[in-house]
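Data first, discussion second: the structure below is written as structure tokens.
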Amino acid sequence: RKAKLRQEKLRLKRQQQQAAKEAKRVALLIPPPE
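First residue of the sequence shown: 1, per the UniProt record's numbering; consecutive thereafter.
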């Protein structure tokens, strides 16, 4: 039971990292309007 919870947390963390990476890439593709 505990292990499952930890795995869930890991999966969430990885999802967040993936989202952050994606956001960074998008930010690089689209320069922020000055």
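Heads up, the beta-carbon is just placed ideally off N, CA and C, and yes, glycines get one too.
Self-check item: Beta-carbon proximity list for P31, same chain, < 8 Å, skipping 5 on both sides
Solution: None.
Quiz item: Where residue 35 and L12 are concerned, what is the direct C-alpha to C-alpha distance, given to the nearest angstrom?
Solution: Here the chain covers residues 1 to 34 and nothing more, so residue 35 does not appear.
Exercise. Pick helix, strand or coil for R14, following the three-state DSSP scheme.
Key: Helix, per DSSP.
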